[in-house]
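Accompanying notes for the structure given below.
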Amino acid sequence: MADIFPGPDIFPAGMLPSLVEMMAKIIFIFTMNMGVFAPLLGWVERKQSALMQDRIGANRADILGFTVFGLLHTLTDAIKLLTKEDFIPEGADRPLHYLAPFIAVVPALIAFAVIPFGGQYDLWGHKTNLVIADLDVGVLFVFAVASISTYGSVIAGWASNNNWSLLGGVRVAAQMLSYEVAMGLALVGIFMVYGTLRLTDIGVAQENFLHWGIFLQPLGFILFITCALAENKRTPFDIPEAESELIAGYFTEYSGLKFAMFWMAEFLEMVTISGVLVALFFGGWQIPFVSGAALARLFGFLGPNLAQVAVMLVHVAVFWAKILLWIFILMLIRWTLPRFRYDQVMKLGWKIILPLSLINILVTGLVMLLVK
Amino acid sequence: MSGAYKKVNRGVTLTLWERLYFPEVIRGVLIAAGHFVPNFVSVTKAYFGGKPSDRKIMTIYYPEEKPVLPEAYRGKPVLVRARDGRGKCVACGLCEVACPPKCISIVGGQREDGTRYPVTYVLNGAVCIFCGFCEEACPEEAIVMSDRYEGLCEYDRKPMVYDKEALLVPEEKLTRRLDYIRRRMYGKWNY
Amino acid sequence: MSELRMDLHTEPMILSMGPSHPATHGTVRFLLKLDGEKILNCDTEIGYLHRAFEKHCENGTWTQAFPYTDRLNYNSAVQNNVAYALAAEELLGVAGKMPERAVYVRTIMCELARLADHYTNLGAATLELGALTAFLYFVEARELVWDLIESVCGARLTSNYVRIGGLASDLPEGFADHVKRVFATNREHWRQFDKLLTKNRIFMDRMRDTGAISAEDAIALGFTGPCLRAAGVEYDVRKANPYLVYDRVDFDVPVGTTGDNFDKYLVRMEEINQSLRIVEQLLGKLPKGPININDASVRNPAKEDVKNQIQSMIHHFKNTIEGITVPAGEVYVPTEGSNGEVGFYLVSVGGGKPWKCRVRPPSFALTQGVGEMVKGAFLADIIPTFDMINLIGGECDR
Amino acid sequence: MADLAERIKKMSPDAVASVSSSLGQECVVVHKEAILEFMRRLRDEEGMLFNFMMDLTVVDYLGKRDAGSRFEVVYHLYSLKHNHRVRVKAPVSQADPAIDSVVQVWRGADWFEREAWDMYGITFKGHPNLKRILLYEEFVGHPLRKDYPLRKRQPLLGPEN
């Protein structure tokens, strides 16, 4: 039995408290992402785009007369997508067609395991670290998992036996490959500056405001955002599912629950990307100019343990607030910019962003040498 | 008068600053946010007690708020019922002839006091294109384009064929349109 | 690269960008032969919105043709009404005797219709390139112009406003300051489109050097309107042979240089400004007076006359039942629609029904050029190219 | 402008059957055999330069004229440089409704001629692919002819079974 379980360091003596803590964190992240954020983003996308475009937006679905600003529309979406006929086109590769959405959704969720949504606190003598898996390869894990979701889209495009989805699938493959390379290189600057890949250490290093990633790596930030948008297939890089060209690209032949999966995958990826963005460039759970210790003294009157709980809650709240802010900005970009053409995306990816990220690495190296 | 052919300046040379994609992402986002913030404020203000007119948004909450229709609006054609309860239509058949898609059919008759009236007056609402030619042709101002646009669609065509009873509307309700016709459309000073 | 292609066995993919496709917002079908994303050959198939316009007109009286002319270029219905009315009045020989106010109001409504059409077209183009917010700003500007048209004609789209020998109704009270209010907001919107799109690097990459056509090809294919002017040819019917009161108004006509989509976009954006200018000048000098010709054999007389004078009643009944008796003859009157030259060729053999009522459809000639403009381009280039010629199903298929 | 019609008559007297001008518009009636050569000269002659073929349509004078010239193919031409217009008419008989195609002169005539074939049944000799443009291939008859009844029903198309 022992060889099945991974090494002892994951399960120190007295497994029960750390197991409970692990499960609590997983449940918290799963409910926050899958339960709250995905449906919430459906509503945010509708309401925000409406207000941006001088419209009113969703306000009709109501229970007992309460429309709750249209929030119930996401409920109706869920009901609609669950009850719709789950249609597999004739001539399509049935198992692959069925499998593709799962390959697209699951990685988006897993990638969030590495992102710390809070610092280190000792509650009743038990040190907790608010991250599900505190891997020291941190960011590389995110890239690895993100590239798996590419397979989901490509298989969906190939298995649907439809010219449009085939074109969509080909475009997904080309775009994702070229931008994963660029995304990886864009973040090398951050690793050089903080000297580690472990996201929690980067979070701790960003305690003082001036050490936030965005100030140390502005060019890296711009490149990363562009590649993240391309990874997430959102405008202006949404050429795989360009409505006006390829009808709905690789998920043209999907309906019902499987379509909801692709839709969910897109939102989850957006949350994950905002998470990585906030964790690396905007100080994760840190509040500018207010360090964790200062907060603990502020809540001192509550007694040591409760103070730590209060600080933890504040940090988690700040983290999610930053993520919401970034989702708002990503949505703004989504609605205002026109879409690239296929070859322009490739040209931008290989000819502009890749060389720029290499230059960024060079410059960071030089600056760090001078500083040392 | 002056004014001639003027070259359009396509040479919109992008400064290096604009050649980068990023600045005009910011400009686009700022314009969109410029609409978002005032709308967001005005919607929340209107929601919590403010009047709907506080909203600067273009669209309205349709069933609760109705759009303001201009006088010239051409809705469902209706027969005018005079104050004494009798329809003004004398079954002359001009509207039947003037209607381009031929959706009106009349069978005329005579009352005992010698005045003519339509025994049956059928207007097929499914075929009518709301062009207003019947109103223009009618010498008696008996058929008029009301400003009714709601409840005209049905799930099958039979109820859309209106008979005389479904078309008759008392004159008091149509004064706005009747006086518009006299003032703006077929009045003497228009010639 | 080419020798690699030699032994690589690839055959082109046949793709039908069918009648119901998000980008063909008219109803048109492109049969594409694709080599990967590059278009080898594209032949266009139209006719999905054919409703026998001419057969209808030949079987109705001269006045009953007006609702059918609304449905030609349904984005700018009033322009078709005016074009048909001008041709019919030319045949009747009353073209010169039209009252001043009627001619001014017709020009104003033509320019408002042109505004609505350009807003719709540019909006649809930005929508299909992905900039949804810009689309809705265009739609908002169009909504305000449609309110203006609705307050005058009674309907936003199917205006049915012009009659042979005059107009259906006069301008409502307070029309001038309603126009002032609308144009103020529309100019503000115009600045926002310009800021959002004209210097937008992505928009320019998509529009520049795609769907280009040279001046000679444009003339050979029969292009007219903004697409011809974008190719650098200086031809606008309002300037070449002015009709209505276009010779008493000063306005510029924008002309492009290379004829690609970006030029067509700039030409249409500038034409919006010019139309705003024209309407404001016309409202300034709008004369008082009647809007219908005082000749009962052409235009139905006033309702009181019909009741009181036997002469007017006879004319009213005859015009409605048999239609206006137009003397035998044929005429072709060109006017500048928003897509190009809209000319009506009317043939009359005497009597109340037109013998032939032919409209010269500008988007018919423009759609013919799509196959050439798109050959060798990418699949994604069809979208801006097809948008910028502004195919209107009703006008192209008649 | 009446001299324009005269100049056209002098240009090729054999092709022109008659010349007229009504309501200020020039109109030239031409024999259908000489149409291609005549149109090429109209486009290229120095004084003419009709580089736009604005419209091509057909008028069916059933009952108004004898069968010999029942149809009339009407071309509307416009010259950008001289800013003048002309209407060229070529009568075509009911027995042999065919005329040379002018696609070599103006490429734009391609679709207009296909529509004329579709609606009136006039065949244009030398046209690259003369098939129906507005109606579907299996449509029987030419609807805009005066002898085509208004309420005629077409055979239903459907799967063979």
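Those sequence lines, one after another, are chains A, B, C and D.
Each step along the first sequence adds one to the number in my numbering, with nothing skipped, and position 218 is 218.
Just add 372 to the spot in the second sequence (first one is 1) and you have my numbering.
Just add 563 to the spot in the third sequence (first one is 1) and you have my numbering.
Just add 961 to the spot in the fourth sequence (first one is 1) and you have my numbering.
The C-beta atom is built at its ideal place from N, Cα and C for all residues, glycine as well.
Contact list for residue i against chain C, beta-carbon separation under 7 Å
{"i": "Pro472 of chain B", "result": "Gly623, Gln627, Pro630"}
{"i": "Glu245 of chain A", "result": "Ala586, Leu942, Ala943, Ile946"}
{"i": "Met52 of chain A", "result": "Thr696"}
{"i": "Asn232 of chain A", "result": "Here the premise fails: no neighbours, minimum Cβ distance about 15 Å."}
Buried versus exposed call for residue i [16 or more other C-beta atoms within 10 Å across all chains shown]
{"i": "Phe420 of chain B", "result": "exposed"}
{"i": "Asp799 of chain C", "result": "buried"}
{"i": "Pro240 of chain A", "result": "buried"}
{"i": "Pro338 of chain A", "result": "buried"}
{"i": "Glu484 of chain B", "result": "exposed"}
{"i": "Val401 of chain B", "result": "buried"}
{"i": "Met1 of chain A", "result": "For Met1 of chain A, the pLDDT reaches just 46, beneath the cut-off of 50, and the residue's location in the model is therefore unreliable, leaving the point undetermined."}
{"i": "Pro95 of chain A", "result": "exposed"}
{"i": "Met23 of chain A", "result": "exposed"}
{"i": "Ala747 of chain C", "result": "exposed"}
{"i": "Glu885 of chain C", "result": "exposed"}
{"i": "Pro449 of chain B", "result": "buried"}
Contacts that residue i makes with chain B (C-beta to C-beta distance below 8 Å)
{"i": "Gly717 of chain C", "result": "Pro442, Ala444, Tyr445, Arg446, Gly504, Met517"}
Separation of residue j from residue i, as counted between CA atoms
{"i": "Ala111 of chain A", "j": "Ile403 of chain B", "result": "33 Å"}
{"i": "Ile429 of chain B", "j": "Val204 of chain A", "result": "45 Å"}
{"i": "Pro439 of chain B", "j": "Asn161 of chain A", "result": "47 Å"}
{"i": "Leu348 of chain A", "j": "Leu219 of chain A", "result": "15 Å"}
{"i": "Ser1027 of chain D", "j": "Arg1106 of chain D", "result": "The question names Ser, but residue 1027 of chain D in the sequence shown is Asp. Each residue's alpha carbon lies about 15 Å from the other."}
{"i": "Met962 of chain D", "j": "Thr632 of chain C", "result": "Its pLDDT being 49, under 50, Met962 of chain D is placed unreliably in this model, and the value from its coordinates should be taken loosely. Answer to the nearest angstrom: the Cα atoms are 31 Å apart."}
{"i": "Ala793 of chain C", "j": "Val830 of chain C", "result": "6 Å"}
{"i": "Lys536 of chain B", "j": "Ile727 of chain C", "result": "32 Å"}
{"i": "Pro1058 of chain D", "j": "Leu603 of chain C", "result": "36 Å"}
{"i": "Gly717 of chain C", "j": "Cys461 of chain B", "result": "24 Å"}
{"i": "Leu690 of chain C", "j": "Ala586 of chain C", "result": "9 Å"}
{"i": "Asp606 of chain C", "j": "Val796 of chain C", "result": "26 Å"}
Residues that residue i contacts on chain D, provided the C-beta gap is smaller than 7 Å
{"i": "Asp894 of chain C", "result": "Checking the sequence, you will find Val at residue 894 of chain C rather than Asp. In chain order: Leu984, Gln986."}
{"i": "Ala615 of chain C", "result": "Pro1104"}
DSSP state of residue i mapped onto helix, strand, coil
{"i": "Gly729 of chain C", "result": "strand"}
{"i": "His681 of chain C", "result": "helix"}
{"i": "Tyr194 of chain A", "result": "helix"}
{"i": "Pro39 of chain A", "result": "helix"}
{"i": "Arg1001 of chain D", "result": "helix"}
{"i": "Glu899 of chain C", "result": "strand"}
{"i": "Ala2 of chain A", "result": "Note that Ala2 of chain A has pLDDT 48, beneath the 50 cutoff, so the model's placement of it is unreliable and no number is given."}
{"i": "Asp772 of chain C", "result": "coil"}
{"i": "Pro1110 of chain D", "result": "coil"}
{"i": "Glu1121 of chain D", "result": "coil"}
{"i": "Gly292 of chain A", "result": "helix"}
{"i": "His1043 of chain D", "result": "coil"}
Contacts of residue i in chain C (Cβ-Cβ under 9 Å)
{"i": "Asp342 of chain A", "result": "It should be pointed out that residue 342 of chain A corresponds to Tyr in this sequence rather than to Asp. By Cβ distance, chain C contributes Glu600, Phe941, Leu942, Ala943."}
{"i": "Val1034 of chain D", "result": "Those within 9 Å of Val1034 of chain D in chain C number zero; the least Cβ separation is about 12 Å."}
Neighbouring residues, chain B, relative to residue i (Cβ below 9 Å)
{"i": "Ala747 of chain C", "result": "In chain order: nothing, as chain B lies at least about 14 Å away."}
Distance cut-off 8 Å: residue i Cβ against heavy atoms of the ligand ATP
{"i": "Gly774 of chain C", "result": "As far as ligands go, the structure on display features none, and thus does not contain the ligand ATP."}
Listed by chain order, chain A residues near residue i by CB distance under 9 Å
{"i": "Glu751 of chain C", "result": "Neighbours of Glu751 of chain C on chain A: none; closest Cβ ~12 Å, over 9 Å."}
{"i": "Leu578 of chain C", "result": "Asn163, Trp164, Leu167"}
{"i": "Ile553 of chain B", "result": "Residues of chain A passing the Cβ test: none, with the nearest at roughly 36 Å."}
Closer than 7 Å at the beta carbon, the chain A residues around residue i
{"i": "Ala418 of chain B", "result": "The contacting residues do not exist; Ala418 of chain B stays about 10 Å from chain A at best."}
* **Contacting positions in the segment 987-1020 of chain D - beta carbon closer than 7 Å to chain C** => Asn1012, Phe1013, Met1014, Met1015, Asp1016, Thr1018, Val1020
* Asked: Just by C-beta distance, which residues in the segment 1041-1062 of chain D are closer than 8 Å to chain C?
  -> Leu1041, Asn1044, Arg1046, Arg1048
* **Contacting positions in the segment 35-64 of chain A - beta carbon closer than 8 Å to chain B** => Cβ contacts with chain B come from Gln48, Leu51, Met52, Gln53, Asp54, Arg55, Ile56, Asn59.
* **Interface positions of the segment 318-349 of chain A facing chain C (Cβ-Cβ less than 8 Å), listed along the chain** => Trp335, Thr336, Leu337, Pro338, Arg339, Phe340, Arg341, Tyr342, Asp343, Gln344
* **Interfacial residues, the segment 785-817 of chain C to chain B, with Cβ spacing under 7 Å** => Against chain B - using a Cβ distance shorter than 7 Å - the residues of the segment 785-817 of chain C are Glu797, Asp810, Arg811, Val812, Asp813, Phe814, Asp815, Val816, Pro817.
* Asked: Between the segment 202-228 of chain A and chain B, which residues of the former have CB atoms less than 7 Å from a CB of the latter, in chain order?
  -> Ile222
* Asked: Which residues, taken in chain order from the segment 397-417 of chain B, show a beta carbon closer than 8 Å to some beta carbon of chain A?
  -> Val397, Gly400, Val401, Ile403, Ala404, Ala405, His407, Phe408, Asn411, Phe412, Val415
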